[in-house]
Each structure stands twice: as structure tokens, then as C-alpha cells.
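Protein sequence lines, in the order shown, are assigned to chains A and B.
For the first sequence, the working numbering assigns the number 575 to the initial residue and increments by one for each residue that follows.
For the second sequence, the working numbering assigns the number 4 to the initial residue and increments by one for each residue that follows.
No residue lacks a Cβ here, since even glycine has one placed at the ideal position from N, Cα and C.
In what follows, a single structure is set out as C-alpha cells and then discussed.
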Amino acid sequence: MSENGFEIFLFGKQTKNVSYKGDVKLFPTPESKIRLIFFVIKQSLELLINSPGKYFQISKIIFSRSPEIKNYILKAGLIFPILNNEPDIFHIQWAKTVERNPELMEILSCKLALSLRGAHINYSPLNDKVLAESYRKYFPLIDGFHAVSEAIAKESLRYGTVKEKIQVIHSSVSDDLLKENSELCEVGNEIEIISIGRYHWKKGYHYALDAMKILKEERIKFKYTIMAQGEIPEEILFIIDDYKFGDEVKIIKGMPHKELVNFLKTKDILLLPSVEEGIANVVLEAMAVGVPVLTTDCGGMNEVVKENINGYIIPVRDPKSIVSKIKEYTLTDIYKKKEIVNNAKNFIHEEFSREKQIADFRKFYFSLIK
Amino acid sequence: MRIGIVLPEAPKYSETFFNSKIKNLSESGFEVIVFSGVRNNKEHSFKNVSAYPVYRGRYFKQAVSFMYIIFKTFLIAPARALKLISKEREDGKNIADAFKILFLNAHIIHYNLDWLHFGYATMALKRENVAKVMGARAGVSFRGYDINIYPLKHPGCYEKLWKNIDKVHSISEYLYKKALKLGLSENTSYEKITPAIDVSLFQFKEDAGKIKNPLQILTIGRLNWIKNYETAISVMKNLEERGVNFIYNIIGSGDELERLKFAVYQEKLEDKIIFHGQMKHESINKVMDESDIYLQTSYQEGFCVSVLEAQAKGLLCVVSDSDGLKENIIDNVTGWIAEKRNPEDYVNKIINIIEMKDEERMEVALTARKRIEKDFRIEDQKEKFIKFFEN
Numbered sequence: 575m576s577e578n579g580f581e582i583f584l585f586g587k588q589t590k591n592v593s594y595k596g597d598v599k600l601f602p603t604p605e606s607k608i609r610l611i612f613f614v615i616k617q618s619l620e621l622l623i624n625s626p627g628k629y630f631q632i633s634k635i636i637f638s639r640s641p642e643i644k645n646y647i648l649k650a651g652l653i654f655p656i657l658n659n660e661p662d663i664f665h666i667q668w669a670k671t672v673e674r675n676p677e678l679m680e681i682l683s684c685k686l687a688l689s690l691r692g693a694h695i696n697y698s699p700l701n702d703k704v705l706a707e708s709y710r711k712y713f714p715l716i717d718g719f720h721a722v723s724e725a726i727a728k729e730s731l732r733y734g735t736v737k738e739k740i741q742v743i744h745s746s747v748s749d750d751l752l753k754e755n756s757e758l759c760e761v762g763n764e765i766e767i768i769s770i771g772r773y774h775w776k777k778g779y780h781y782a783l784d785a786m787k788i789l790k791e792e793r794i795k796f797k798y799t800i801m802a803q804g805e806i807p808e809e810i811l812f813i814i815d816d817y818k819f820g821d822e823v824k825i826i827k828g829m830p831h832k833e834l835v836n837f838l839k840t841k842d843i844l845l846l847p848s849v850e851e852g853i854a855n856v857v858l859e860a861m862a863v864g865v866p867v868l869t870t871d872c873g874g875m876n877e878v879v880k881e882n883i884n885g886y887i888i889p890v891r892d893p894k895s896i897v898s899k900i901k902e903y904t905l906t907d908i909y910k911k912k913e914i915v916n917n918a919k920n921f922i923h924e925e926f927s928r929e930k931q932i933a934d935f936r937k938f939y940f941s942l943i944k
Numbered sequence: 004m005r006i007g008i009v010l011p012e013a014p015k016y017s018e019t020f021f022n023s024k025i026k027n028l029s030e031s032g033f034e035v036i037v038f039s040g041v042r043n044n045k046e047h048s049f050k051n052v053s054a055y056p057v058y059r060g061r062y063f064k065q066a067v068s069f070m071y072i073i074f075k076t077f078l079i080a081p082a083r084a085l086k087l088i089s090k091e092r093e094d095g096k097n098i099a100d101a102f103k104i105l106f107l108n109a110h111i112i113h114y115n116l117d118w119l120h121f122g123y124a125t126m127a128l129k130r131e132n133v134a135k136v137m138g139a140r141a142g143v144s145f146r147g148y149d150i151n152i153y154p155l156k157h158p159g160c161y162e163k164l165w166k167n168i169d170k171v172h173s174i175s176e177y178l179y180k181k182a183l184k185l186g187l188s189e190n191t192s193y194e195k196i197t198p199a200i201d202v203s204l205f206q207f208k209e210d211a212g213k214i215k216n217p218l219q220i221l222t223i224g225r226l227n228w229i230k231n232y233e234t235a236i237s238v239m240k241n242l243e244e245r246g247v248n249f250i251y252n253i254i255g256s257g258d259e260l261e262r263l264k265f266a267v268y269q270e271k272l273e274d275k276i277i278f279h280g281q282m283k284h285e286s287i288n289k290v291m292d293e294s295d296i297y298l299q300t301s302y303q304e305g306f307c308v309s310v311l312e313a314q315a316k317g318l319l320c321v322v323s324d325s326d327g328l329k330e331n332i333i334d335n336v337t338g339w340i341a342e343k344r345n346p347e348d349y350v351n352k353i354i355n356i357i358e359m360k361d362e363e364r365m366e367v368a369l370t371a372r373k374r375i376e377k378d379f380r381i382e383d384q385k386e387k388f389i390k391f392f393e394n
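Here's what the structure looks like:
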């Protein structure tokens, strides 16, 4: 965006050193207590001089919610830099911000945009009634919503968004990946399946392992790899032990992106067994580099993968379907497989390119200004 | 006889297993001391000694406390302290770690005990040499997590424990066999003492054998991944697709609530599956009275007291084929066993129950109740625990 005529301001707590190319200005809020106090004093003086009305207004709003000075400092540290550098559009990246920092909605006079993605819309408010209520209260104050998928846009309607204010803008895949090609060939002695993604119940690895158990019982040779960073959850460790998997199931840590792509290209299928997603980037990347994808029909995945056209799609929470699709794939001839991966690549090129994403965001932001 | 029991914390009111076990031992003439990590404020009939606190992040305070406790321990029990350090060094620990282990056990080591019994296997870690050094016999009780899960993350964790334990107590044959696979010697003395219940608190319900429309299904248990509630929710989806009218009540709380509420939402079963959170015993009893089927889809259970209670009340039990549950329920006689991650299998059992006659269901419920009365009486369990320490 910064290379396409937009000036970007980044606000928030800085937890590590970062730098960005292009016209990107950082206004980081310090983490350490001492530095935060000095930061707040400086920002307060600046706001008092430039806009005393706003200073007193926001201070009143903060104190009306909590009289504690500690709370004031934390809020001021976050909000004052935004008021001192108020942009044309303030884009809230994660929906829970409206509950955590409602003052933003009450004080900012610029246009407000909000991204609808992930757990914040898909399942957190189902269990957290207070969160759901805060969405219903503050979403009407938002000028425009960016949704990562049609599915999440539809889900958000429960919490007070309106269709006319939502623009679906898909994420994108780098052009470099589209230039990559996987050596598609007949499945060897054993079908090699991979799942990539962080450890979380929504990733549905337990359903994938149920499917692998069935494959093992049916004496179908396979190798299944789960690649994820972090500590392996007890549930996954338990299932692998309980199902008495040997070498056929492997858990490996994540790798740098280039290495990951090369590793992915050596596999027959990328399996996404998730029970919930926005649109999984790893599926987009697999399609871009020519690795066949098998995904559950969760979230927005059916907006990307079309059965037997550019990939394979199955119901959620259904290990037997995973098994039958894998078996179907092993019997598919090489020409059909090539057709599927070519369709997948073309689809990503048309619908998920960087260019398209930038054009969509440009249109979205200008529609708010209008 | 003096028995020291090591637990993570002094048992709260709700932990009837430990409270009644300890009370029973006390009443039978044993002197019981509970060594716990944390004291709670409850009044107990037994002595409760808590571990010395660890001041995380407060290095100076920790250092002073450490030196004081070590000094005090050498003053009160010098021979034992030296012996513990020496044994830890023999086992390959460096001097710093050996002193840390002394600190961790400083609240126990100076007591004169006949038995030092670890309530859970994980409680024995970093304490393996303590009983010997005190001249006491060492015992340990097995529970599901410690035998099924902990060693997956820490392979070989109990090797030292097995060398230093005199007697083990398991709630099921299965847990004992698993411990053998983890390296426990077959020569180590072993006693199986299953959980037990006070059947007088679980009256056989008046309409046992009959089922209602909508069918009332119940599960009681914490909302933890090991209970495998997602499969239970898939079972309900399957039942709905097969035209069965039901209400599924889940009693319990835990960190899986968001995951499970999402599953219920995704399967569009919000008006049929109800999360009750935690409930008091009297309220649970009432819900059990109104339930037809008790469902337990756990990945694994040591034994499962809830299933015993459900059988005592006359609920028709459908449980997973986890090893502990296969000892709890006799398939097709006192309940039904299904493949743990196969929703269709559970559904077939439930539909089979629906299609049975009232008398056939009553026979199963009565057989289950009689078996509980005969083999899972709390009075017998009390006797067994006394014999465990006396023999």
C-alpha cells in the first residue's frame, strides 16, 4: 500500500524492533513502565498544545470508565499518539479492539475501518456475551468493514454490521510463489500428505489423525506430516500414541518460508482438516506452487477451492471423507491432476494476486473518504 | 502407624475421594499427615503441612529463604539431609540440584513416618529418594493423567521412581499394565483398589428402564480435551439426522468451553445441547433423576467415578472403549461400549437402546446397580486402603 500512494501510520505497543519499506511511519507505544510514563507526558503536552479540547474530552472519557491512574496511563499511551497524528482513515485490524478500547470510537473524528477476520468474529463472541454486545454497540460507528471472506462477512451480520458497508478483500499470494512449480507426478509407493499451520483446536489435526488411522487399518501406505511451531498439544501427542502410529506420522517444527515452500513441493497433497478458517493462506500458497489441496468446507474455503476443478473439498469433522478423497486422488490419472493444479494456479493468479488486493483496498479506502 | 500423603494441595471439600480416604484412615487408628504444595483455609481433621514457598523472580528473598531452610533442615535432621544429598549425587545430580531437591522436601524429611504415599505419580518426581532417607516405605497411587499423558511429554520420567517405590495402588488393571510398560517392575507390590461410591447417596431412579421423548442424555465431567466432547456433539448431530428427538445436558466447566460452544453452533444444535457449568451435588442428583442415558466419550479414563454414579442411579450408560471404561462397564450387560472416536458407533448403540423394551432396559440398569452394590462399595474400598498400608 505504501508503494502505491498511501501514507501508512502504525500505532500500537512495540514489542520488538521492526522496520518497513516505503512510506510507513511508526508511532510505537513503549512497553517498559518508565518509558511509558515519559511517553505519555510528552504526548499529553503535544495534545494539550495542539488540541486542548480533545485532550480534556478524551481524559474525561477515560476517567469515566475507570478512575485509576494506571489505566489512564495505559490508555493515553495508546490513544494520544493517534490523536496527535490523526489519519484520514483509522483501520482497526482486530475486532476485539472495540471492546478493549471503545474510547477510540468515541473520540476519533476520522473515518473508521475495521477488518473482520479470524476467531474475533468466528467463535470468540459465541462464548463471550460481553464481547458480542460490544460488537453490537460499536459496529454501527464503523464506516467500513473489510472481510477476509464472504463467509466471515455473513457471520458478522449477527453482530451489527451491514452488508452495504462490507467489502470482501481476499488476502494475496506473492508473485514469486506463482512462478514456482511443483513436480507433479504419480503417487509413489506411499502417498505423502502434509498439513501446515499453528497448533490450535480449530486446525482439526485430530480429525486428520482419525483419517490416517483408517488408512492404516485399510493398509493404504501413507506418510503424514504435521508442520507447526510451538509445543505439541497433549491431545495430539496422546492420539499419535493411542493410535500406535510409527514412522507414518511425523511432527516437525516450522521452517523459514523459502524452505517451507520447497518442502511442501515434495508432497502429494496439502491437507487442511480445519473446523474453522477465514481463508487459509497455506492453501493459497499450495495452489500457487502447484501442490494439490484437500480442504474442509469451513469458513471461506469454498470461495477458493472448487471440488474437482482446482482442488478437493470435504465436509468438516468427517475423517471418512478425508480417507475417500485421498483414495480417489491416488486413482486419479496424471492428466486430470495436472488440469486441477493448473486451474488452481490460474485461479490464484486472477483472484489472489498482490495487485488485485492492492486495487481492492484502494477502492475500499476511497469509498470511505467519499 | 503414621502415614504421610503427598498431594499438590490439601483436598478441598469437593475432593471426596481424598477426604474420605484420609478420614477413614484416621478413624482406623492411623495418624495421617498431608504434605501439600498449597494450604487452603479449610479446617481439616488431619495435619496439613505445606511446602516452603518459592519466590519466583524475587531472587534475594528466594536466596535468603533457601539458605535458611537448608540450615534449618541440617539442624533438625542432619543425617537425613546428608543422606538425601548423597543419594541425589549418586543418581547423577549436580550439587546445586541436589540442594534444590532438599529444599523441595524440607517440609517432609524430618518427620517420622511408616509410609510416605504419593497421591499421584507426578507428586513423586524429585522426591524419589525421600522415603528411603526417612526410613519409610514409599507408595504411589496412579491416576490417568500421570500415566497416560505426562510420560508422552517427558519420556522416562518415572525410571527413578520405579527403583525406589515399595508398593503401587492403581484404580484399574489397565493403568497398572500401562505403568509396567513405562518400566515399573512386576516384582513391585501392587494393589488394585477401584474407585467406589456411597450407593445410599445415589438412589435408583423410579423410572429406570423407561425413556422419555425427547430423550434426555447427560454427561458430567470437566470440559477438558481428554473428555472428547466434540465426538459427543457429533453423536448428537448424527442422532438428529436419524430423526431422534433429544436434549443433551453437559455438567462441568473448563477451558474447552469456547471450542465446544463453537462445535454446537457449527452443528446447529444450540437448542438441543445445554452447558450447565458446575453444579452442586444435590442439583446434579436431580438432573440425573431426569436423565435417560449417560454418555461418556472420553479419549481415556483411569476409571471414571461419574459412570459408577450413573449406573447406581439406573441411567443407561454408553461409554467409549477407553481402557478404564472397559473395566467399568460390561458391554451389553451393564451398559454399552462404543469406538471412542466413531460417532456412528455411539449412535447405533443409542438407537438400539431406544428400540429395546422397557423391561430389557430395566434388566441392564438393575444388573449395573447390583454390580455397583457388590463390587464398588465405599466400605470395601476403605478396608482395602487400610490393608494396603498394613500389609
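Of the residues the options, the one placed nearest residue i, counting alpha carbons only
i	options	result
residue 54 (chain B)	B:87, B:85, B:112 and B:22	B:112
residue 679 (chain A)	A:711, A:704 and A:658	A:711
residue 709 (chain A)	A:675, A:623 and A:928	A:675
residue 142 (chain B)	B:155, B:151, B:128 and B:154	B:128
residue 794 (chain A)	A:822, A:707, A:772 and A:750	A:822
residue 591 (chain A)	A:583, A:602 and A:693	A:602
residue 826 (chain A)	A:812, A:817 and A:837	A:837
residue 891 (chain A)	A:885, A:905, A:882 and A:871	A:871
residue 259 (chain B)	A:801, A:627, A:697 and A:854	A:697
residue 365 (chain B)	B:384, B:306, B:302 and B:295	B:295
residue 132 (chain B)	B:156, B:103 and B:86	B:86
residue 809 (chain A)	B:7, B:345, B:155 and B:9	B:155
residue 888 (chain A)	A:816, A:848, A:917 and A:921	A:848
Same chain, Cβ closer than 7 Å to residue i, neighbours up to 5 away in sequence not counted
i	result
residue 589 (chain A)	605
residue 585 (chain A)	601, 655 and 656
residue 865 (chain A)	756, 838, 839, 841 and 844
Beta-carbon neighbours of residue i, restricted to chain A and to distances below 7 Å
i	result
residue 262 (chain B)	775
residue 144 (chain B)	Those do not exist, as residue 144 (chain B) stays about 21 Å from chain A at its closest Cβ, beyond 7 Å.
residue 245 (chain B)	Simply none; closest approach about 16 Å.
Chain-ordered chain A contacts of residue i [CB-CB under 9 Å]
i	result
residue 2 (chain B)	Outside the shown range of chain B (4 to 394) lies residue 2 (chain B), about which nothing can therefore be said.
residue 302 (chain B)	809, 812, 813 and 816
residue 339 (chain B)	Chain A residues near residue 339 (chain B): none, gap ~21 Å exceeds 9 Å.
Supposed contact pair residue j and residue i - C-beta distance, whole angstroms, cut 8 Å
i	j	result
residue 647 (chain A)	residue 611 (chain A)	6 Å
residue 713 (chain A)	residue 692 (chain A)	Actually they are not in contact, since the Cβ atoms of residue 713 (chain A) and residue 692 (chain A) sit about 16 Å apart, beyond 8 Å.
residue 231 (chain B)	residue 144 (chain B)	Incorrect: roughly 24 Å between the Cβ atoms, too far for contact.
residue 482 (chain B)	residue 161 (chain B)	Here chain B has residues from 4 to 394 only, and residue 482 (chain B) is not among them.
Partner residues on chain A for residue i, Cβ-Cβ distance less than 8 Å
i	result
residue 155 (chain B)	808, 811, 812 and 815
residue 237 (chain B)	891
residue 225 (chain B)	The premise fails here: residue 225 (chain B) is roughly 14 Å from chain A at the closest Cβ pair, so nothing lies under 8 Å.
residue 165 (chain B)	Going along chain A, no residue has its Cβ under 8 Å from residue 165 (chain B), so there is no contact; the nearest lies around 20 Å.
Neighbourhood of residue i by C-beta, 6 Å cutoff - its chain only, sequence neighbours within 5 removed
i	result
residue 673 (chain A)	705 and 708
residue 578 (chain A)	932
residue 277 (chain B)	252
residue 926 (chain A)	744, 746, 747 and 858
residue 936 (chain A)	none
residue 316 (chain B)	205, 208 and 291
residue 352 (chain B)	321, 339 and 341
Chain-ordered chain B contacts of residue i [CB-CB under 8 Å]
i	result
residue 850 (chain A)	265 and 269
residue 701 (chain A)	260, 261, 264 and 265
Cβ-based neighbour list, residue i, same chain, cut-off 8 Å, excluding 5 preceding and 5 following
i	result
residue 92 (chain B)	98 and 101
Residue i: contacting residues in chain B (beta-carbon distance under 7 Å)
i	result
residue 709 (chain A)	Ordered by position in chain B, no residue passes the 7 Å Cβ test against residue 709 (chain A), which lies about 16 Å from the chain.
residue 697 (chain A)	261 and 265
residue 784 (chain A)	344
Any beta strand (DSSP E) of 3 or more consecutive residues that is wholly inside the stretch 725–782 of chain A | Taking only runs of at least 3 residues, the beta strand (DSSP E) segments lying wholly in the stretch 725–782 of chain A are 740–742 and 765–770.
Alpha helix (DSSP H) segments (min. 4 residues) lying fully within the stretch 244–308 of chain B = If we require 4 residues or more, the alpha helix (DSSP H) runs fully inside the stretch 244–308 of chain B come out as 260–269 and 284–292.
Every unbroken beta strand (DSSP E) inside the stretch 816–884 of chain A [3 residues or more] | Qualifying beta strand (DSSP E) stretches, in chain order: 823–826, 843–846 and 867–870.
Tell me the start and end of each unbroken beta strand (DSSP E) in the stretch 164–190 of chain B that is at least 3 residues and wholly inside, in chain order.
-> Fully contained in the stretch 164–190 of chain B are the following beta strand (DSSP E) runs of length 3 or more, in chain order: 170–173.
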